[in-house]
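Below is one structure, written out as structure tokens; the observations come after it.
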Amino acid sequence: MKAAFPKIGKIQYEGPKSRNPLAFKHYNPDEIVEGKPMREHFRFSVVYWHTFRNPLADPFGVGTAIRPWDDGTNSIANAQRRVRVAFEFMEKLGVPFYAFHDRDVAPEGRNLRETNKNLDAVVKVMKEEQERTGIKPLWGTASLFTHPRYAMGAATSPNADVFAYAAAQVKKAIEVTHELGGAGYVFWGGREGYSTLLNTDMKRELDHLALFLHMAVEFKKELGFKGQFYIEPKPKEPTKHQYDSDAAACLNFLRQYGLLEHFKLNIETNHATLAGHTMQHELEVAGAAGALGSIDANTGDELLGWDTDQFPTNIYLTTQIMLTILKYGGFTTGGVNFDAKVRRESFEPIDLFYAHIGAMDAFARGLKIAAAIRKDGRLAEFVKQRYSSWDSGIGAEIEAGRMNFKKLEAYMLKKGEAAPNTSGRQELLENIINEFI
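Pasting the structure below:
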């Protein structure tokens, strides 16, 4: 097969002074930051769906993407050819991982048996390319939202046959992810929610979703799959309300149904925005619960109210993300997965390189800035001092569980008034961040 990107070689690190658009300015995979190389901090991943399957269509027009290698058919030959193009791209970009849905890589057949056969035929080529390049899945997943059978949900469908079909599809997707050496598997409830409560039995749907996930955990053990399971929060779109609406909702669901030990969260920036949160907030919620697993790195447009999945280039955003990722010890099975698509006007194949290079550089800058802020120590010291009343005296007694309302009442009756508050100095702290950016 001819090269899909014949004029593009391996993307190299050339440093901040470079003006080569096909070179990294800040991402140096071998550079040591806080004791380990950048490549290990990020574990960068390219998504199969947006990068190799998205035609750049929108509700008002057909796709604009120019993809010379794709003949537009749902043939197995076209799907296999697309795999080789994907691995050429990822190899030249220099990323160690990719993420995929089952239906991204292989077409739906006339029935489940034929669909599985199609997937096996494409997975054979994926394994060949993985052996050639060393690139593996960061995680796999099943598309339980595109086919009309899932119009009313998959695990939460009112149709028991749809639940059964979804279970069979997820079983196969986990098997394939395991076969390909995937580091994890993601559950995204794209249609696990409702459009109106008038026709919805919410409790029953949530019970069914929990049953489904317990079945997945059981099968994972039977299969011997060691990868991490993730839940990916999103509040809405395509449904009006999705049950995995944000990190806190996901954690509450997992605790309620006895699933928390089996799952971590895959947090996406644009989903956090749609939930009315910042990405850093969602990461902190997950991190505080010991459930921060992986991230889908993208951003949205603040002037648009939907999931635009743009590539992240905002240095403040990447700095905030990396401050929290470093705080909680970094990635183990997860990584920085670029769930992002080029703009409809950026339709040439080379734009795929520009987009990923810029995002990887933005994260590299965010990492270096976050590490410098941590080394400087002023931000951490301020937070420590702000909570110093809890380190001794009455604060330490409360945290140790040795106080109750009666004892605290006696303490305050004797003291008479609370000690004065100290300034939160938000503006000063923002100035400190700006010193580094």
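Residue numbering for the sequence shown follows the working numbering, starting at 337 and increasing by one per position.
Yeah, the Cβ is synthetic: ideal placement off N, Cα and C, and Gly gets one too.
message: Among Leu-601, Asp-456, Ala-552, whose alpha-carbon lies nearest the alpha-carbon of Ile-621?
response: Residue identity differs from the one stated: residue 621 is Val in this sequence, not Ile. Comparing alpha-carbon positions, the option among Leu-601, Asp-456, Ala-552 lying closest to Val-621 turns out to be Leu-601.
Reference Phe-481; option with closest CA among Asp-675, Lys-472, Gln-505: Of the candidates Asp-675, Lys-472, Gln-505, Gln-505 places its Cα closest to the Cα of Phe-481.
message: Rounded to whole angstroms, what is the Cα-Cα separation between Asn-495 and Ala-457?
response: If you take the alpha carbons of Asn-495 and Ala-457, they lie about 30 Å apart.
field: Neighbour-count burial assignment, Glu-597, 16 or more Cβ in a 10 Å radius
entry: With fewer than 16 other Cβ atoms within 10 Å, it is exposed.
message: Could you check whether the stretch 552 to 563 touches the stretch 621 to 632, counting it as contact only if at least three pairs of C-beta atoms, one from each stretch, sit closer than 8 Å?
response: Result no; under three Cβ-Cβ pairs closer than 8 Å.
- prompt: What do you get for Arg-679, buried or exposed, if any count of 16 or more other CB atoms within 10 angstroms of its CB means buried?
  reply: Result: exposed.
message: Below 8 Å, how does it come out for the stretch 384 to 404 and the stretch 659 to 666: are there three or more Cβ pairs, yes or no?
response: Contact fails: fewer than three Cβ-Cβ distances are below 8 Å.
query: Which whole runs of the alpha helix (DSSP H) in the stretch 408 to 490 are 4 residues long or more, in chain order?
result: Annotation: the stretch 408 to 490 contains the following complete segments of the alpha helix (DSSP H) (minimum length 4 residues), in chain order: 412 to 429, 438 to 441, 448 to 469.
- prompt: So the beta strand (DSSP E) Asp-645 belongs to, where does it begin and stop?
  reply: Note, Asp-645: premise wrong, no beta strand (DSSP E); not H, not E.
message: Quick check on this structure: which residue in Glu-424, Ser-493, Arg-485, Phe-741 has the alpha carbon closest to the alpha carbon of Val-461?
response: Checking every option, the nearest Cα to that of Val-461 belongs to Glu-424.
- prompt: In or out: Leu-533 buried (at least 16 other Cβ within 10 Å) or exposed?
  reply: By the 10 Å Cβ count, Leu-533 comes out exposed.
query: Are the Cβ atoms of Gly-563 and Gly-520 separated by less than 8 Å?
result: Taking a C-beta distance under 8 Å as the contact criterion, Gly-563 and Gly-520 qualify as a contact pair.
Contacting residues, own chain, Cβ-Cβ under 6 Å from Gln-656 (five flanking each side not counted): Hits under 6 Å: Gln-616.
Identity of the residue in Val-419, Tyr-501, Ser-728, Ala-401 nearest Arg-468 by Cα: Of the candidates Val-419, Tyr-501, Ser-728, Ala-401, the one whose C-alpha sits nearest the C-alpha of Arg-468 is Val-419.
field: Contact belief for Gly-702 with Ile-651 at Cβ below 8 Å, rounded distance in angstroms
entry: Between Ile-651 and Gly-702 the Cβ distance is about 6 Å, and since that is below 8 Å, they are a contact.
task: Could you name the residues of the same chain whose beta carbon sits closer than 6 Å to that of Tyr-486, not counting the 5 residues immediately before and after it, in chain order?
output: The residues are Leu-480, Arg-527.
task: Measuring alpha carbon to alpha carbon, tell me which of Ala-691, Glu-733, Ile-368, Asp-727 ends up nearest Pro-357.
output: The residue with the shortest Cα to Cα distance from Pro-357 is Ala-691.
- prompt: By Cβ distance, which residues of its chain are closer than 6 Å to Thr-536, with the 5 residues on each side in sequence left out?
  reply: The residues Tyr-530, in chain order, have a CB closer than 6 Å to that of Thr-536 in the same chain once the five nearest residues on each side in sequence are set aside.
- prompt: Along the chain, which unbroken stretches of the alpha helix (DSSP H) at least 4 residues long are found entirely within the stretch 588 to 627?
  reply: With a minimum length of 4 residues, the continuous alpha helix (DSSP H) runs that stay inside the stretch 588 to 627 are 605 to 610, 615 to 624.
task: To the nearest angstrom, report how far apart Tyr-363 and Gly-408 are at their CA atoms.
output: Cα-Cα distance, rounded: 35 Å.
Sheet register partners of Thr-635 (DSSP bridge): DSSP, once it has assigned bridges, lists Gln-646 as partnering Thr-635.
field: Extent of the continuous alpha helix (DSSP H) to which Gly-823 belongs
entry: The requested residue 823 does not occur in the structure, where the chain is confined to residues 337 to 773.
task: Go through the stretch 504 to 586 residue by residue and report every complete run of the alpha helix (DSSP H) that reaches 4 residues or more, in order.
output: Within the stretch 504 to 586, the complete alpha helix (DSSP H) runs of at least 4 residues fall at 538 to 559.
- prompt: In whole angstroms, what is the alpha-carbon distance linking Val-369 and Pro-432?
  reply: Answer to the nearest angstrom: the Cα atoms are 19 Å apart.
task: Output the boundary residues of the beta strand (DSSP E) element that contains Phe-674.
output: Bounds of the beta strand (DSSP E) holding Phe-674 are 672 to 674.
- prompt: Got a sec? Which residues, its chain only, sit under 6 Å from Asp-643 by beta carbon, not counting five neighbours each side?
  reply: Glu-573, Asn-606, listed in sequence order.
- prompt: Alpha carbon to alpha carbon, how far is Pro-373 from Gly-694?
  reply: For Pro-373 and Gly-694, the gap between their C-alpha atoms comes out near 19 Å.
- request: Decide if Asp-543 is buried, meaning its Cβ has at least 16 other Cβ atoms within 10 Å, or exposed.
  value: Classification for Asp-543: exposed.
Three or more C-beta pairs below 8 Å linking the stretch 390 to 404 and the stretch 715 to 727: No: the two stretches stay apart, fewer than three of their Cβ pairs being nearer than 8 Å.
- prompt: Could you check where the alpha helix (DSSP H) with Val-719 kicks off and where it finishes?
  reply: Residues 714 to 722.
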